[in-house]
Structures are given as C-alpha cells and as structure tokens.
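For reference, the structure discussed in these notes is given below.
In the numbering used here, the protein residues as written are 3 to 571.
And the structure:
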C-alpha cells in the first residue's frame with residue numbers, strides 16, 4: 003500500500019491509501035482519478051521496484067515535476083519529494099499493511115475533482131486554508147450535492163424554459179415565484195434525492211442560479227465583501243478588507259456563468275458573444291461589472307464585480323479609517339468649494355472613485371454638475387445633476403457613443419462643473435479644455451503610480467487626440483488646467499490611503515513644476531511638507547481664511563501663517 007497526500011492550489015488536502023501499482027490520470031480506469039484538462043488521460047504511474055517507490059511519467063504534454071524539475075522516471079520517491087501533477091501536489095510514502103482502507107478496495111477508485119470538489123471543500127474566507135479532509139467519503143458527498151444541483155437546475159430550466167420564454171414583462175419577484183413553484187414540484191417528485199439532503203438549501207441554490215446570480219447572491223449580500231472575482235465557473239475569489247480570499251462556492255457549469263453575465267447585461271441593452279467578448283455593465287445598486295468570455299478568456303468566462311456599499315462613505319469615514327488626515331480632508335474640501343481643478347490618480351482598487359465621489363459632494367448646491375462615465379459608478383448627493391454614460395456599439399457596429407463625445411456634448415449643457423469618472427484616452431484633451439475655459443472646479447480620475455506619472459499620462463492621452471500638438475504646448479495646456487493632483491494607493495495590508503497631494507505651480511524649462519503640500523510617511527504618518535499653496539494669498543484677498551498650520555511639518559518645520567487668519571471660512 004502507498005500513502006498519498008494530495009494538496010490542491012487552494013490548499014485543500016486529501017489523504018489516501020492505495021495498492022500499488024497506482025495509475026494516475028483523468029481516465030475512468032485510473033486508480034487515482036483527477037478529472038481535469040490539466041491532467042492526461044494516463045498521466046503517471048507509481049510502482050514498487052526492489053522495495054523502492056518509483057514514479058514514471060507516461061509521456062504527457064504537461065509533464066510530471068518532482069521538486070520543481072520535470073522527470074520521465076524518478077527513483078526512489080522519498081516522503082519529502084514534492085510531485086506536481088496538474089493542479090495537485092503529491093507526497094508519497096509506504097503505508098503499513100494494517101493501514102489498508104476502503105478507499106483502496108477494488109472497484110472504488112477515489113475521484114479527486116480539482117475544479118469542483120477540492121474547491122468546494124476549501125474553508126470559506128481563506129486564500130490558503132490548512133485543511134485536512136478527515137476521510138475520503140466526504141468527497142462523494144460533495145459530488146452528489148453538485149450532481150443534484152446540476153440535475154435540478156436542468157429540470158427547472160426545462161420546465162420554465164427560461165431561454166425562450168419572454169420574461170421582459172415579468173418582475174424579478176414574479177419570475178422567482180414562478181420558478182420556486184415549479185422547483186417545489188420537481189423536488190417533490192424527485193425520488194433520487196437522498197433523504198438526508200437539505201432540500202431547502204438546495205432549492206435556494208438552484209433558484210439563485212436559475213433566476214438570480216447563482217453563488218454570487220450571498221456574496222453580493224455580504225457587507226464585508228468589496229469585490230467579487232470569478233476566474234472561471236469553479237474558481238471564485240473575493241476581497242475583504244483589501245485582501246483576497248478564496249470562496250468555496252462554485253457555479254455548476256461554464257454555461258451557468260454565461261447565463262448570469264447575460265442576465266446582468268441584457269437589461270442594459272448591452273451584449274456579449276464571440277464577436278464582442280468583453281462588456282462593462284453595472285448592477286441595479288450601482289456595482290460595477292466587467293465580463294469577458296472565450297475565445298479571449300482562456301480559462302472560461304470571467305466576471306469581476308466591484309461592489310458599492312449601501313451606505314456611501316463620507317469624509318469622516320475616510321478620516322476614521324486612516325485614509326487621510328483631518329488637515330488633508332479640510333484642505334481638499336475647501337479646494338473643491340473654491341473651484342480648483344483636481345485629478346485623483348492611483349492604481350486599480352486604490353479608492354479613486356470613492357474619493358472622487360466624496361469630494362464631489364462638496365460642490366455647492368447652487369451649481370449645475372454633469373457627470374460622465376464609461377459605466378455609471380458615481381452617486382452624487384446633488385440636486386442639479388445630469389449623469390451621462392457612454393454606450394458601446396450595437397450588433398451592427400453602430401450607435402457607439404464614447405466619453406469624448408459626451409464631454410463635448412456636456413459643454414452645451416451649461417455645466418458649472420464637469421466630473422469625468424475616469425480619463426482613459428483622447429477625452430483628456432476635452433476635459434482639460436473644459437477646466438481651462440470657464441468650468442473651473444472640475445474633477446476626474448486616472449491610473450498612475452505617482453502625481454508626476456499622472457501628468458505624464460495626461461500628456462500621452464492628449465497626444466492620442468490626434469491634434470498634432472507639440473509636446474511643449476501640451477504641457478502648457480496641462481499646467482494651465484490642473485491645479486492639484488491627489489495620489490491614492492493601496493498598502494500591503496489592504497488599507498487605501500492618500501499618499502500625496504501636490505500642486506501644479508506652472509512651467510519651467512519645458513517641465514511642469516510640482517509642489518508637494520502633503521505626504522504620507524510610513525514612519526511618521528500624514529504630514530505637511532512645509533509649503534503653503536501658491537493660491538493661499540489669492541484666497542486671503544477673497545476673504546477665505548486658510549490655516550497655515552495644516553501644511554507644517556509636525557516634525558519641527560513651521561510655516562509662517564501670520565498673513566492669513568486661522569480656521570476655515
């Protein structure tokens with residue numbers, strides 16, 4: 003007998019005892035069956051020769067690795083050797099004769115399903131849970147549950163015929179009630195369901211997958227989850243507190259993911275198919291959705307949902323979370339009220355849109371605001387608001403309306419402020435033009451690693467507009483339009499913070515000059531940089547008081563603020 007320990011990519015573990023020789027592969031005749039495309043039909047074999055354990059690769063394309071090196075034959079196999087076959091890491095040792103288990107009985111070869119079973123057995127809320135499955139019988143129980151889900155789901159679709167039935171006139175509640183009625187009848191007439199099965203939970207899972215968003219429903223309802231990532235139908239990750247965790251939930255099939263994607267995008271008038279395999283959309287609560295399917299997505303349909311909390315965070319919430327200091331918050335709020343043009347930059351998931359939304363709420367109610375986004379995410383608490391959203395092309399390739407066209411159109415809508423959710427291309431030129439021609443106090447975000455990089459990206463995007471402008475003119479245009487750049491970042495521990503606030507102070511020797519006003523230091527936290535903004539005296543002349551102490555280096559460098567009265571106006 004051989005004692006075999008298997009560990010999957012999600013750290014789910016299985017321990018087996020099998021008689022030699024052990025044939026490993028995805029074929030049904032294999033003693034150790036791992037039915038996944040990453041494992042060959044007959045992948046490898048474990049033998050005993052002269053008392054030693056021998057591993058043989060059977061000529062598979064993916065190969066067999068031992069301790070990181072690809073092998074054709076490896077002898078002897080030691081207990082500390084790490085054997086990698088597809089998604090599994092194996093450790094093999096000799097078992098005592100008394101250790102024979104029922105798993106090794108003839109005709110009962112264990113089936114280790116990497117895409118469904120191992121991931122379903124993972125501990126909820128952990129990237130790499132250290133889990134030891136106590137016995138092999140737990141694996142078939144999970145298999146049976148997945149099999150029952152698939153069978154009931156297919157029966158419900160057959161009864162309801164969702165794919166051909168026109169449900170446009172039915173509300174979600176009516177559709178779910180009809181599906182629940184049919185499913186109750188199907189379950190009552192199903193003699194194959196085991197008596198110990200939790201029929202209520204099974205019906206809920208099947209209903210969610212048939213008329214809802216499947217295993218995503220409880221994840222969307224969980225308040226501590228901020229992002230949901232479906233890599234493929236049996237591989238789901240979530241973000242909690244800025245960190246990624248593996249979820250045990252799975253879809254029953256690839257087609258189930260496709261149906262969920264269609265259920266999201268169809269009401270928005272968008273489509274996804276092989277000719278248009280990528281789509282951006284949103285859920286009714288405003289959560290942002292991105293989907294991509296084969297042939298572009300190699301592993302299968304992929305879905306990413308950026309959740310938005312039911313209660314929108316406010317500036318005091320950011321201060322309480324340590325995202326920025328109280329001085330930085332007051333300064334940014336005052337800059338928005340005083341119509342300074344702001345660019346919020348940062349990496350993916352750094353909190354740019356959240357900060358933009360909070361800053362936008364500082365716009366006075368008497369002003370008219372136009373928001374422009376690729377997929378609507380902003381939720382401004384403002385009365386005089388017009389929200390515009392870009393539109394992709396239809397099936398005939400017509401009807402596309404991009405952000406640049408919306409920015410141009412917004413200029414005819416008598417806006418006081420223009421808020422662009424994110425600048426990605428040529429619309430940056432029109433946005434800068436609006437900032438510099440009577441629409442001061444406009445805001446936007448873009449992806450960049452630093453304020454200097456943000457201005458460099460703006461240069462590149464303006465050049466993308468195809469206006470054939472010299473670089474010096476582009477830089478002058480940026481320097482005259484942007485007043486402040488706010489840099490966001492996500493730290494290793496998941497916290498999202500404002501790492502820098504810089505002022506654009508003009509041009510010198512063909513280079514845009516920046517003056518840092520606030521920074522985040524890992525050792526000392528948030529601090530001023532010892533310099534007042536260049537517009538401080540202008541504000542003082544307008545009767546707006548500015549606290550010079552905000553900008554002092556708390557380590558000892560003071561700022562002479564005698565020219566300005568203390569406190570906020």
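Glycine residues also receive a C-beta, built at the ideal position from the N, C-alpha and C atoms.
_Let me make sure I understand the geometry here. Which of 386, 299, 375, 380 has the alpha-carbon closest to that of residue 368?_
386
*Could you spell out where the alpha helix (DSSP H) holding residue 538 opens and where it closes?*
538-543
*asked:* Does residue 205 come out as helix, strand or coil in the three-state DSSP assignment?
replied: helix
*Where residue 178 and residue 40 are concerned, what is the direct C-alpha to C-alpha distance, given to the nearest angstrom?*
Taking the straight line joining both Cα atoms gives about 38 Å.
*Give the straight-line distance between the Cα atoms of residue 477 and residue 362, rounded to the nearest whole angstrom.*
26 Å
*Which residue from 280, 523, 345, 289 puts its Cα closest to that of residue 295?*
280
*asked:* Using 8 Å as the threshold, is the C-beta distance between residue 66 and residue 80 below it?
replied: no
*Since residue 519 contacts residue 533 with CB under 8 Å, what's their CB separation in whole angstroms?*
6 Å
*Have a look at the DSSP bridge pairing and note the partners of residue 6.*
18, 94
*Mind the definition here: the stretch 331-342 touches the stretch 451-466 only if three or more C-beta pairs lie below 8 Å; say whether that holds.*
no
_Can you tell me whether residue 473 is helix, strand or coil according to DSSP?_
helix
*Using only alpha-carbon positions, find the residue among 11, 501, 411 that is nearest to residue 249.*
11
*asked:* If you reduce the DSSP assignment to three classes, tell me which class residue 550 lands in.
replied: helix
*Thinking C-beta only, is residue 14 closer than 8 Å to residue 55?*
no
*Taking C-alpha atoms, which residue in 78, 448, 212 lies nearest to residue 350?*
448
*asked:* Looking only at its chain, what residues have a beta carbon closer than 8 Å to the beta carbon of residue 497, apart from the 5 residues adjacent to it on each side?
replied: Same-chain partners within the cutoff: 244, 323, 324, 325.
*Between residue 422 and residue 374, is the Cβ-Cβ spacing less than 8 Å?*
The answer is yes: Cβ separation under 8 Å.
*Go to residue 352, then tell me how far its beta strand (DSSP E) extends in each direction, as first and last residue.*
Taken as a continuous stretch (DSSP letters only), residue 352 belongs to no beta strand (DSSP E), as it is neither H nor E.
*Grab me the residues of residue 231's own chain with a C-beta within less than 6 Å of its C-beta, minus the 5 sequence neighbours each way, in chain order.*
Cβ within range, chain order: 239, 306.
*What's the gap between the Cα of residue 68 and the Cα of residue 24?*
If you take the alpha carbons of residue 68 and residue 24, they lie about 17 Å apart.
*Could you tell me the distance, in whole angstroms, from the CA atom of residue 355 to the CA atom of residue 176?*
As the crow flies, the alpha-carbon of residue 355 is around 35 Å from that of residue 176.
*Which same chain residues, not among the five before or five after residue 417, have their C-beta less than 7 Å away from its C-beta?*
Closer than 7 Å at Cβ, skipping near neighbours: 370, 371, 372, 441.
_Run of the beta strand (DSSP E) containing residue 233, from where it starts to where it stops_ = 227-234
*Please determine, among 344, 390, 59, the residue with the shortest C-alpha to C-alpha distance to residue 413.*
390
*Can you tell me the Cβ-Cβ gap for residue 506 and residue 487, rounded? I've got them flagged as a contact below 8 Å.*
7 Å
*Could you give the uninterrupted runs of the beta strand (DSSP E) lying entirely in the stretch 275-318, keeping only those of 3 residues or more?*
When DSSP assignments are scanned along the stretch 275-318, the uninterrupted stretches of beta strand (DSSP E) that are 3 or more residues long and fall wholly within it turn out to be 280-284, 290-294, 304-308.
_Contacting residues, own chain, Cβ-Cβ under 7 Å from residue 403 (five flanking each side not counted)_ = 392, 393
_Please report the straight-line C-alpha distance between residue 352 and residue 491, rounded to a whole angstrom._
Looking at the backbone, the Cα of residue 352 and that of residue 491 are separated by about 5 Å.
*DSSP puts residue 258 in a beta bridge; with which residues?*
Residue 258 pairs with nothing; no bridge assigned.
*Can you give the Cα-Cα distance for residue 443 and residue 216, rounded to whole angstroms?*
Between residue 443 and residue 216, the C-alpha separation is close to 43 Å.
*Can you tell me which of 254, 241, 218 puts its alpha carbon nearest to the alpha carbon of residue 153?*
254
*asked:* Going by DSSP, what residue range makes up the beta strand (DSSP E) through residue 374?
replied: 371-375
_Below 8 Å on the Cβ atoms is my contact criterion, and I expect residue 461 with residue 473 to pass it. Report the Cβ-Cβ distance as a whole number of Å._
That belief holds up - the Cβ atoms of residue 461 and residue 473 are roughly 7 Å apart, short of 8 Å.
*Please state whether DSSP places residue 237 in a helix, a strand or coil.*
strand
*For residue 227, which residues of its own chain have a beta-carbon under 8 Å away from its beta-carbon, when the five flanking residues on both sides are left out?*
The beta carbon of residue 227 sits closer than 8 Å to the beta carbons of 221, 240, 241, 242, 309 from its chain, once the five residues preceding and following it are set aside; these are given in chain order.
*Cβ distance (whole Å) where residue 321 is taken to contact residue 293 below 8 Å*: Not a contact, Cβ separation roughly 35 Å.
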